[in-house]
Each structure stands twice: as structure tokens, then as C-alpha cells.
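*Asks:*
Residue numbers (the numbering used here), protein chains in the order written: chain Z, 1 to 315; chain V, 316 to 850.
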């Protein structure tokens, strides 16, 4: 039986040379993202913005009518409402946060029930008050920052300082681009999106760690190899695994996008894109970055440290 | 060589077997599980049969979640009012009068006693109102509840200190949780979960609830019931309260409370025998009956105000002393309202107003849809990954696939035994885990391929593959685990469900992808002794 090979067994591709293209590209995308983020901003869901969301499902025998719902919802006078069709006749209506503290939100619910109870069942109701949403923004930001710091510490202990730095640069790159994805696609940014970002942080590091693990091993074995060649070798020898894992993860996420239902579609799409971004950045951003911060493969510093503190790889 | 000690093999298999058995109940309904247990012969040790199933989150089974917050301003007002009564009592005992009454402040009261001699008489009594703060968990803290300040111009201020106020908030939250629990239970809903969240919040989760608006209304009501007298004129110690009888117009009500809801022992909805109108019948305890009997006999012929949450519900005239400790409240209720009111009265009054700051409700239909979609996605993802692994690694891929299925089973088993909640993002977590779980196997197999290419013998290539990949597997899973643990501590509800799945997934990967596949490959190799590796 011939087995499937997604990547040739022996490859000698010069990945490092491509940094001339990948670095400007990544830099451009990152800067563009920051600009877009500041100019356009994220499409915050009610988790972070506060407000009320109702999902209406037409009762049996009723044909749903987005136009009428939109018209009625706007008539309430609660400010800019967003009405969206969800498929299978379901309609989502999003009301902005009302003044008057928490009781203001209750008023929205009462009006919505009065207007739509006759034709629609309320499939989902979510109300987040102003204080809660503020706290969610805070804990979300803290979460992302904390995880990056924690991982930095872990890598610092397990790897050389340069490798830890490279991994963090790659991870930040992936976070920025993922946020950019949210800005451009207007996919709603909510608590689940934070989960998606943290998962991407995990995946991104996973990718980088696998390559760097090999780099560390090769550094010990080939003490005199030039950095660029060493890094190329690291990537080439882990490439078949990288492609295979990216493929299996992407396939399962694709299943989630296609069959997982409306509610987590945004999450799945972002994760799927995240796998592509993470794989790209491990190869074209964090690894070539090591050249710039002066990882000295055959240099005296690494060499002396290795022989003094780390056992040689057992042959 | 790929030798595995018998102890290790037995231990691994035992862990896997137990883990998979724990997952079994989750595939059956509660009735089926009970039926199975009952069908066992009586000598069979039933404790051996796993019974715990995965708990479905509200987003999957449908239901309501409400976060309530104790209204600090309202509690402060209530506390100030209580303090005013205490101060009044203290002054009476001292035989002193305040110039122009006692004024309410946001967190206390102030009064003026211009006469220095009177002030000297009153101060010890007022000082005595300040108690040491006691806390259920900390014991005495050394702080005092009240800050009593005397200013040279005769102004006296009594205000709750921060420790005093916070201790009171804690007590109020604990009390509110009890009241909320009784109200939800009396409402007849199944398996509600009521927990404290942070310093001043209460999280109420009610699965399968159809009418969250009514629950919310019931939970938000303070249900403070008071029996007072209607006053003849708006002057003096009276409050002007809205009246239900006269369509919200304000009527004067004496401040003195003759009896209140705390003395009730029972409240039941009923119908008035004459008018056939829905009413609420109530019963007092001994103390309440005495107070109520005395007050009604002193005030025969006058109108009594039944005040609920600072609204006069009705104001019947007292025709004769009510000494039996029983009475009724009428107030043009609907049957539903009379029912709700009796529930509220039986459950007791909230110590302060509760505000709904967050609510999330998912209809049962949507929950079912999500489960269906999740199942489909899981099945499709599994098939895709299984096919890919088999295509890439042949018989080794088959081993990885078995490990993958065991891995998913173990996650479900662990979730059952931990009674972790499965949420919609949790399903997404499982699907994602299916994709990443094979990573460890991929790492190992790719390494083995390399070693074979480097010219190693088969057993040593296998051995080296596992050994060398292990460090990488530990590093890569550790970094993912760090992100997942942080997600768990910071996330709430569904996101937490995702984190749990992800953490469990990382833990079980090490068992299945490393130990289990290693065992399978070792066994396979010892049986077949192949000349070349089919990889």
C-alpha cells in the first residue's frame, strides 16, 4: 500500500530566504490591523458592549418576516437595533445598551415580548448590563496577557532566551492578525472569541515549540552550522509533521464550520483561519526572527552553556 | 526496545477501561439508566455500575441563567432607616429629644441636640449602638459597625463604617440566597442551582424554564410586608405611600409598624367567601399574633394599611380586634398574582432589593438543535481525521485512530465523573481536540520515519521515535495547557466548559497517544517481526 505523503521525506527548501517577503508582508498586515482596529474597531457582541439580544423562531404556521421585525424593533426607540436572519426562519435582534442602569434593559425585554410573543418563540435571550460587560472586557484582556506571560516564563525555563523571544513574537503576531480578522470580517467579538484567541495562542506556541525543539536538538548536534542553515534544517525536518497536524486540525475545524451550527460558526471560522496563520508564522515569522536576535548556533556562548548545563542527546 | 513492564500495561489498560466505563451512562437517558440498575440481579454490587452522566449546560438543554446583584444603595437606605428607629429608641430611653427630628443620610443618620446637658445624656446611649463587627468566617475583626461623631455645634452623625457595611452586605447576600432558593423551590421548578458569585452577586440557573420573565419578577421583589395604620393627615411621623386602591395616588401611612412579614408562619392563596375575589390568607406566629391582636384592638374603627414593598395593597377598616393570628389580604389580585404573593410571603422578605444585571435564556429547541449539530460535526471530524491518519500511516495510523477514539471516550468519562458541564463551546473543544490529539502520534511517527531513513534497525527506530518525540510532546502540550488553565480561571459559563474539555483533552492525550499506541505497536512488532516498517 502506498501511504499518503503530504510533504516529501527529504526536503531542502530555503525557508529562511523567504523572510525577505514574509517579514514585510507580516509587518504590513500587522500595522494595517492596528490602524484598522483603531479606525474601525471590533464588532463587539453584547458580552462586551452590553445590551440585549433576542433570537426569534417563528411559531408553527408562521412565516418569519425580517422586514417587519426590523421595522417593529426600530419603532421601539431603543436606538440602533441590528436585525439579522439566522437561517431556518430564525431572526436575531440586537438592542444597544440602554441608559438607566439595569432596569433600562428590563424595559427592552418587556417591549420585545409584547411585540413578538404572538408570532415568534424566544429561542434565546441575553441581557448584559453595563457593569458586567466592563468586567468581561477586563477579564478577557487579563486572560490573554497572562497567558502570554505565563508561556514566556515556561519557555524561558525550558529553552534558550532567544527561542522564548522568538516564540512570543510569533504568538503576538498571530494574536494581532486574528484580531485583524475579526475587524475585517465583522464576526462578532464576544466571550467565545476570547476562547478562540487563547486557543490560537496555544496552537501557535505548539507549532513554534515543535520547530524550536528540533532547533535546540540540532544546535547540540551541529555546533558549527551557520544559524540560517540550522533553522532551515529544523523547519525542513519537522515540515512533514507540521503539514500533517495542520491538515488534521483544519479538517476537524472544517467539519465544525460546516456542521457545527450557527451558534459557533464565528468561533470555528476564526479557529480555522487561526490554524493557517499559526502554521505560517511558525515557519516564516518566529523562526527567521531568531536570525535577527542573534541566535548563535555554533557560537561560543551557546556552546559553553550547552555543554555545561545540558546533557548531550543520547545516541 | 519497545518493552513495557506488565504492571505499566495493566495499569494503563485499567485506567482506560475504567475511563471508558464512566462514559457509558452519558449515552443513556436517566430512565434507561435506572431501568438497567433495576434489571440487575439483587446480588449484583450496584455500586460498581457508573451512574453519573455528563451534565448538559443551559445552552444545550435550555433554561435560564440570571445574575442578581444586591442593591447597595437600597441596602444602605434600609440600614439607615433601621438605625433611625434605634436612635429614636435610644433617645427615648435617655429622655432627650432631637431638635427637628432625625435626618436620613446615605449610610446613616444625623441629628442635632443643641443643649449640651441633654447631649451628654444621649451620647452614651448613642455610642452603645456601635457594636464590634463580627464575621462568620473571620470572627471579631476589631472594627466597629458605626462611626459616631459629635460636632461642637451639637450635630451628631452616626454612619456605618466600611467594615460594618461590608459585613452587613455579606449577611444580606447569604440571606438573599436563602430567600431566592425558597422562592425558586416554591415556584416548583426542577433542580435550580443558586450560588454566590463575587461579593454581592447571586447566580441563579434554572434548567428547562419556560417563562424566565416571571421568575425574574418573583426574584426581584423584596416582598417586605408591613401592617401599619392609615394616618388622618400627612403631617407628623408619616410616609406618603402609593396606594393600589386609589390607583397609585399617595396616602399618608403612619411610620410605626404594628406587625411585619417576619412574623408570618404561612400564606396561602384563596378566595374571598363573599366577593369570590382572589385573596391571600396568612397566619402569624405567637409573637405576631399578640402584636397584631393588641394593635387591632387599640384601633377598632380605623383603617389599617397593608403595605407590600412600600405600596399600600389594601386598607381595610378594622371592624373588630383580630386576635386569632389569622387574616387575609385582598387587593384586586388575579389568581396568578395571589399565588405569586403567597409564595413571596412564605419565602420571606429579601434584605435588600436585587437587580438583574445579566440574563441568558436558551430555548429547549435551540439546545436540541445545538446538540444535533455538535454530534454531526463530531462524527464528520472523526471520520475525516481517521481517514487521513490511515492514509498517511497505514497500520500505525490505525493504532493512532484507536487511541483517538479512546481519547474522546476518556474525555467524556472524565467529564462524567467530575460532573463537569458540557456546553456548546465544549463540543467545539472536543472537535478541536480530535484534530490536535493525533499531533503526538504524528510527531512520533514522523520521527520513526526519519530514524528509519537514517538507517536504524526497526526496533531501535521505534524506540528512538518514541523517546525523542516525548520531550517535544511534553513541551507542546504544556504550553497549550497553560493557555487552557488560564482560560478556565478567567472564563465564565460556556467558555469554562470549553477550557475543561481542552485541559482534559491534553491530559488524556499523553495516556492514549503515547502509552496506548506504544503498547499496541510493541505487541504488533513482537507478533509479526516485520522486516521493514510499513510507515
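Ideal Cβ positions, reconstructed from N, Cα and C, are used throughout, including at glycine.
Can you tell me which of the three DSSP states residue 479 (chain V) falls into?
*Replies:* Helix.
*Asks:* Mapping the DSSP letters down to three states, classify residue 340 (chain V) as helix, strand or coil.
*Replies:* DSSP places residue 340 (chain V) in helix when its eight states are reduced to three.
*Asks:* Return the Cβ separation of residue 213 (chain Z) and residue 790 (chain V) in integer angstroms, given the expectation that the two are a contact with Cβ distance under 8 Å.
*Replies:* About 6 Å; that satisfies the 8 Å criterion.
*Asks:* Could you tell me whether the Cβ atoms of residue 368 (chain V) and residue 645 (chain V) are closer together than 8 Å?
*Replies:* Not a contact, by the Cβ cut-off of 8 Å.
*Asks:* Starting from residue 206 (chain Z), find everything on chain V with Cβ-Cβ shorter than 7 Å and list it in chain order.
*Replies:* 791, 794, 795, listed in chain order.
*Asks:* Between residue 190 (chain Z) and residue 182 (chain Z), what straight-line distance do the alpha-carbon atoms span, to the nearest angstrom?
*Replies:* When rounded, the distance between both Cα atoms is 11 Å.
*Asks:* Could you tell me the distance, in whole angstroms, from the CA atom of residue 465 (chain V) to the CA atom of residue 390 (chain V)?
*Replies:* For residue 465 (chain V) and residue 390 (chain V), the distance between alpha carbons rounds to 25 Å.
*Asks:* Do you know offhand how far residue 311 (chain Z)'s Cα is from residue 752 (chain V)'s?
*Replies:* Summary for residue 311 (chain Z): the model assigns pLDDT 43, below 50, so the residue's position carries little reliability, and this model does not support an answer.
*Asks:* Would you please verify whether the beta carbon of residue 727 (chain V) is less than 8 Å from any beta carbon of chain Z?
*Replies:* So no, residue 727 (chain V) is outside the interface.
*Asks:* Answer yes or no: does any C-beta atom of chain V fall closer than 8 Å to that of residue 255 (chain Z)?
*Replies:* Closer than 8 Å to some Cβ of chain V, the Cβ of residue 255 (chain Z) qualifies, so yes.
*Asks:* With distances taken from CA atoms, which of V:831, V:814, V:810, V:780 is nearest residue 848 (chain V)?
*Replies:* It is V:780.
*Asks:* Just to confirm, is the Cβ distance from residue 738 (chain V) to residue 415 (chain V) under 8 Å?
*Replies:* No, these two residues do not count as a Cβ contact at 8 Å.
*Asks:* What residues of chain Z sit near residue 681 (chain V), judged by a beta carbon separation below 9 Å?
*Replies:* Result: 55, 57, 90, 123, 124, 263.
*Asks:* Three or more C-beta pairs closer than 8 Å, one from the stretch 530-537 of chain V and one from the stretch 484-503 of chain V: is that the case here?
*Replies:* Touching, yes, given that three or more Cβ pairs across the two stretches are closer than 8 Å.
*Asks:* Using only the alpha-carbon positions, how far apart do residue 42 (chain Z) and residue 188 (chain Z) sit?
*Replies:* Approximately 8 Å, taken between the alpha carbons.
*Asks:* For residue 25 (chain Z), which three-state DSSP category applies?
*Replies:* The answer is helix: DSSP assigns residue 25 (chain Z) an H, G or I state.
*Asks:* So, using beta-carbon positions, are residue 251 (chain Z) and residue 271 (chain Z) closer together than 8 Å?
*Replies:* Contact: no.
*Asks:* Quick one: list the residues of chain V neighbouring residue 281 (chain Z), beta-carbon separation under 9 Å, in chain order.
*Replies:* Here the premise fails: no neighbours, minimum Cβ distance about 15 Å.
*Asks:* So, is the C-beta of residue 259 (chain Z) closer than 8 Å to a C-beta in chain V?
*Replies:* Yes, its Cβ sits closer than 8 Å to a Cβ of chain V.
*Asks:* Which residues share a DSSP beta bridge with residue 807 (chain V)?
*Replies:* BP columns for residue 807 (chain V) are empty, so no partner.
*Asks:* Beta carbon of residue 724 (chain V), beta carbon of residue 397 (chain V): below 8 Å?
*Replies:* Against a cut-off of 8 Å, the Cβ pair of residue 397 (chain V) and residue 724 (chain V) comes out as no contact.
*Asks:* Are there 16 or more other CB atoms within 10 angstroms of the CB of residue 326 (chain V), so buried, or fewer, so exposed?
*Replies:* Residue 326 (chain V) comes out exposed.
*Asks:* Answer with buried or exposed for residue 118 (chain Z), where buried requires no fewer than 16 other C-beta atoms within 10 angstroms of its C-beta.
*Replies:* Exposed, because fewer than 16 other Cβ atoms sit within 10 Å of the Cβ of residue 118 (chain Z).
*Asks:* Return the residues of the stretch 668-695 of chain V that lie within a Cβ-Cβ distance of less than 7 Å from chain Z, sorted by chain order.
*Replies:* The stretch 668-695 of chain V vs chain Z, Cβ under 7 Å: 670, 671, 672, 673, 674, 675, 676, 677, 678, 680, 681, 684, 685, 688, 689, 691, 692, 695.
*Asks:* Taking a contact to mean a Cβ-Cβ separation below 8 Å, would you say residue 805 (chain V) touches residue 143 (chain Z) in this structure?
*Replies:* Yes; because the gap between Cβ atoms is below 8 Å, this pair is in contact.
*Asks:* List, in chain order, every chain V residue whose beta-carbon is nearer than 8 Å to that of residue 151 (chain Z).
*Replies:* By Cβ distance, chain V contributes 794, 797, 798.
*Asks:* For the alpha helix (DSSP H) that contains residue 596 (chain V), what are its first and last residues?
*Replies:* Not the alpha helix (DSSP H): residue 596 (chain V) falls in the beta strand (DSSP E), residues 593-599.
*Asks:* Starting from residue 289 (chain Z) and walking both ways along the alpha helix (DSSP H), at which residues does that stretch end?
*Replies:* 287-292 is the span of the alpha helix (DSSP H), which, as asked, contains residue 289 (chain Z).
*Asks:* By the criterion of Cβ-Cβ separation under 7 Å, what are the contact partners of residue 813 (chain V) in chain Z?
*Replies:* Correct list: 195.
*Asks:* Using a Cβ cut-off of 7 Å, pull out every chain V residue sitting near residue 142 (chain Z), in sequence order please.
*Replies:* Correct list: 805.
*Asks:* Are the beta-carbon atoms belonging to residue 331 (chain V) and residue 721 (chain V) less than 8 Å from one another?
*Replies:* Contact: yes.
*Asks:* Here's a check: name, in chain order, each residue in its chain whose Cβ is nearer than 6 Å to the Cβ of residue 278 (chain Z), leaving out the five neighbours to either side.
*Replies:* Correct list, in chain order: 174, 203, 204, 207.
*Asks:* So what does DSSP say about residue 385 (chain V), is it helix, strand or coil?
*Replies:* Three-state DSSP puts residue 385 (chain V) in a strand.
*Asks:* Of all the options Z:218, Z:223, Z:263, Z:209, which has the alpha carbon lying nearest to the alpha carbon of residue 241 (chain Z)?
*Replies:* Minimum Cα distance to residue 241 (chain Z) is reached at Z:209.
*Asks:* Excluding the five sequence neighbours on either side, which residues of its own chain have a C-beta within less than 8 Å of the C-beta of residue 324 (chain V), listed in chain order?
*Replies:* So the qualifying residues of the chain are 834.
*Asks:* Within the same chain, show all residues whose beta-carbon is closer than 7 Å to that of residue 602 (chain V), passing over the 5 residues directly before and after it, in chain order.
*Replies:* So the list reads 578, once near-sequence residues are dropped.
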